[in-house]
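Residue numbers (this note's numbering): 13 to 224. The C-beta atom is built at its ideal place from N, Cα and C for all residues, glycine as well. In this text the structure is predicted, and so the values were computed from the model without any measurement. First comes the structure, then the notes that go with it.
See the structure below:
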């Protein structure tokens with residue numbers, strides 16, 4: 013009895029080894045799982061990239077800026093001025109207007125009236141006809157500014173400027189319109205003109221033209 017117990021105690025432990033067929037069935041499962049993990053990572057990366065692109069497009073395309081507008085040049089025509097008992101200044105200024113649309117939609121604006129100021133008093137006007145500026149383009153056209161000093165109630169400062177041969181003027185206008193995005197989305201935008209200039213009475217020219 014003791015010998016049987018010793019033989020059982022000394023018997024080597026049996027180990028189970030997987031056959032090649034079993035390994036062959038397990039390996040494809042592992043490979044498929046790794047492929048699924050990689051596919052999920054690729055899909056997640058693509059989804060994040062797509063969201064980023066959509067966000068950038070939404071910020072750029074769907075939130076347009078106001079178009080820029082300025083006077084590129086101004087030509088003096090029909091200048092008349094005098095400094096007697098009643099100082100006067102009459103002149104027609106032909107301005108080249110530049111409207112720059114940096115957005116991804118067309119800007120369409122309506123008829124607009126602008127003003128020419130001497131100090132804080134309006135002494136002239138200009139008219140903008142309705143028009144449009146296509147996406148990412150710049151339009152140029154001419155506008156006449158008719159300046160007449162009879163609108164001034166006080167001419168003392170004008171008399172001094174006429175003696176000096178230099179008159180400071182400011183032109184203002186707001187072109188209201190709509191920005192058409194992707195042909196279906198419409199947003200209101202305004203192109204604001206604010207330019208200062210000096211009218212040289214001696215040379216009959218515009219100097220120091222600057223627009224904000």
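Are the stretch 63–80 and the stretch 195–210 touching, with three or more C-beta to C-beta distances below 8 Å? yes
Would you call residue 49 buried or exposed, if buried means 16 or more other Cβ atoms sit within 10 Å of its Cβ? exposed
Taking the CB atoms as reference points, tell me whether residue 101 and residue 159 lie closer together than 8 Å. Yes, they are a contact pair.
Are residue 218 and residue 86 touching if we call contact CB-CB under 8 Å? yes
Assign residue 164 to one of three DSSP states: helix, strand, or coil. DSSP places residue 164 in coil when its eight states are reduced to three.
For residue 71, is the classification buried or exposed, using 16 other Cβ atoms within 10 angstroms of its Cβ as the cut-off for buried? exposed
Could you tell me whether the Cβ atoms of residue 68 and residue 89 are closer together than 8 Å? no
Can you give the Cα-Cα distance for residue 141 and residue 61, rounded to whole angstroms? 44 Å
Cβ contact check for the stretch 160–170 and the stretch 106–116: 3 or more pairs under 8 Å: no
Less than 8 Å between C-beta atoms, sequence neighbours within five positions excluded: which residues of the same chain meet that for residue 95? 171, 174 and 175
Grab me the residues of residue 177's own chain with a C-beta within less than 6 Å of its C-beta, minus the 5 sequence neighbours each way, in chain order. 213 and 214
Could you tell me which residues DSSP pairs with residue 186 in its beta bridges? 204
Go ahead and pull the three-state DSSP assignment for residue 148. coil
Neighbour-count burial assignment, residue 162, 16 or more Cβ in a 10 Å radius: Of the residues assessed, residue 162 falls on the exposed side of the cut-off, its CB having fewer than 16 other CB atoms within 10 angstroms.
Does the beta-carbon of residue 181 have 16 or more other beta-carbons within 10 angstroms, so that it is buried, or is it exposed? buried
Using DSSP with H/G/I as helix, E/B as strand and the rest coil, what is residue 197? strand
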